[in-house]
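Some notes on the structure that comes next.
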Amino acid sequence: MKKYTISNTGLTVSRIGMGCMGFGIPWDNSPLTDAHRRNAMQVVEAALDAGINFFDHADIYSMGKCEEAFAAIWEQRSSLRDQIILQTKCGIRFADTPNPGDPHRFDFSYEHIVHSVEGSLRRLNTDYIDIYLLHRPDPLVEPEEVAKAFSELHRSGKVRHFGVSNHTPMQIKLLSASIEQPLIANQIEFNILHSHLLNEGISYNQQSTAPRLAEGTVEFARLNKILLQAWAPVAGGRLFKPSADSGDTRTDTTSKLLSEIAEKHQVTPDAIAIAWILRHPAGIQPLLGTGNPERIKSAIVADSVELSRHDWYRLFTAGRGASLP
Ligand SMILES: NC(=O)c1ccc[n+]([C@@H]2O[C@H](COP(=O)([O-])OP(=O)(O)OC[C@H]3O[C@@H](n4cnc5c(N)ncnc54)[C@H](OP(=O)(O)O)[C@@H]3O)[C@@H](O)[C@H]2O)c1
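In the numbering used here, the protein residues as written are 139 to 463.
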């Protein structure tokens, strides 16, 4: 697996990362079981064997059980901590948490950020988090509060680097004006069926009913050396549904084209879906969400697939469901 160093960090990461959101399900307060730990370990071992050294979490995944299940790895491989990059997130708070009647909300307050880091460190059973992301933009954000939390967490060695997820360029600029540390990553939803961030650029100055809220997210990241990470890189598996199930032409056409291109390269369609993301010059890091070790093996073949401009555009056009202007 090819690796690179993330700008403004000394972190060398695999160009494909592993998303751990499926660990410890369901998302409720039921206890973590040995079966959860075993399943998580199968996935982590398969990812490590595939050359993946990057693991993405969030405090909310399975209500904390995701991070806890991952920590079972230290029992078998205590020396591994320095060789892997652990990323987690905070800022989303569910309804009735911590008190009954609390609304679903986002919370970038100093207290919540610091408290969330402590919880993640405890569940992950580690002394430090490599990258800490703010999960979804909080309209009530006070950048100075975030800056205070980040500086303390950085000084104490609990967090090495910071970033955001689902943020617009302007939201990043607002935070960066107060935060001492560089924001080094923005994790966004991105796949062949969800290419809005590219379409914004393509349809600039065209008549369109689509909202234009976050123009230049990709360009902003490239200019400012912010690593873009793609969540849902295979659209949650929708890209591979048999056509009878999907019932939507855009998905069916894209799915068929993926199979055709996969056959040409003698790989599986998931490898082509991931290669489509890797082909973008921004160096977007896909985060695999599969819980199936065999699918990790087939998807990471993308690392050695070089999609032609021709095939990249055919997939882009099929996935956006409209021809180019
Ligand atoms: N920042 C955010 O707001 C945000 C939001 C969502 C997710 N994330 C992160 O991004 C990671 C990936 O997201 P995701 O889970 O949506 O990614 P994904 O890889 O697009 O979707 C995973 C789903 O696709 C299925 N799948 C994968 N390969 C398949 C194949 N070849 N054939 C059929 N089904 C297949 C998986 O089923 P199997 O398990 O059965 O293979 C699983 O249900 C998460 O783990 C999390 O770390 C971040």
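All C-beta atoms, glycine included, are put in the ideal place defined by N, C-alpha and C.
Inter-residue CB distance, residue i and residue j (contact presumed, cutoff 8 Å)
| i | j | result |
| --- | --- | --- |
| ILE330 | GLY457 | 4 Å |
| ALA359 | LEU366 | 5 Å |
| PHE208 | LEU262 | 6 Å |
| LEU426 | ILE154 | 6 Å |
| ALA437 | LEU416 | 11 Å between Cβ atoms; not a contact. |
| LEU272 | PHE232 | Not really, about 16 Å apart at Cβ, beyond 8 Å. |
| ILE230 | ILE198 | 5 Å |
| GLY189 | SER152 | 6 Å |
| VAL181 | GLY375 | Not a contact, Cβ separation roughly 15 Å. |
| ALA370 | GLU327 | 5 Å |
Assigned secondary structure, residue i (DSSP; H/G/I helix, E/B strand, else coil)
| i | result |
| --- | --- |
| CYS535 | The displayed coordinates of the chain run from 139 to 463. Any statement about residue 535 would go beyond what the structure contains. |
| LYS104 | Nothing about residue 104 can be read from this structure; the chain reaches only from 139 to 463. |
| GLY160 | coil |
| LEU272 | strand |
| GLN404 | coil |
| ILE387 | It is worth fixing the name first, because residue 387 is Thr in this sequence and not Ile. THR387: helix per DSSP, three-state reduction. |
| TRP165 | coil |
| LYS435 | helix |
| VAL151 | strand |
| LEU365 | strand |
| LEU426 | strand |
| TYR142 | strand |
| ILE267 | strand |
Residues near residue i by beta carbon distance below 6 Å, same chain, minus five either side
| i | result |
| --- | --- |
| THR147 | HIS299, ILE322 |
| ILE410 | LEU396, ILE399, ALA400 |
| SER145 | LYS363 |
| LEU291 | VAL255, VAL297 |
| MET156 | ALA185, ILE190, PHE193, LEU426 |
Cβ neighbours of residue i in the same chain (closer than 8 Å, five flanking residues each side left out)
| i | result |
| --- | --- |
| GLY295 | ASP265, TYR266 |
| GLN319 | PHE288, SER289, HIS292, HIS299, PHE300 |
| PRO241 | ALA233 |
| LEU259 | ASP265, TYR266, ILE267, LYS296 |
Own chain, CB closer than 7 Å to residue i, minus 5 neighbours either side, in chain order
| i | result |
| --- | --- |
| LEU312 | PRO281 |
| ASP220 | none |
| CYS204 | CYS158, MET159, PHE161, GLY162, HIS195 |
| GLN344 | PRO463 |
Residue i Cβ short of 7 Å to ligand 2 heavy atom set
| i | result |
| --- | --- |
| TRP369 | Annotation note on ligand 2: not contained in the displayed structure, which lists ligand 1 as its ligands. |
| task | Only counting runs of 3 or more residues, tell me where the beta strand (DSSP E) segments fall wholly within the stretch 284 to 363, in order along the chain. | result | 297 to 303, 321 to 327
| Complete runs of the alpha helix (DSSP H) confined to the stretch 194 to 253 [at least 4 residues] | 203 to 208, 211 to 214
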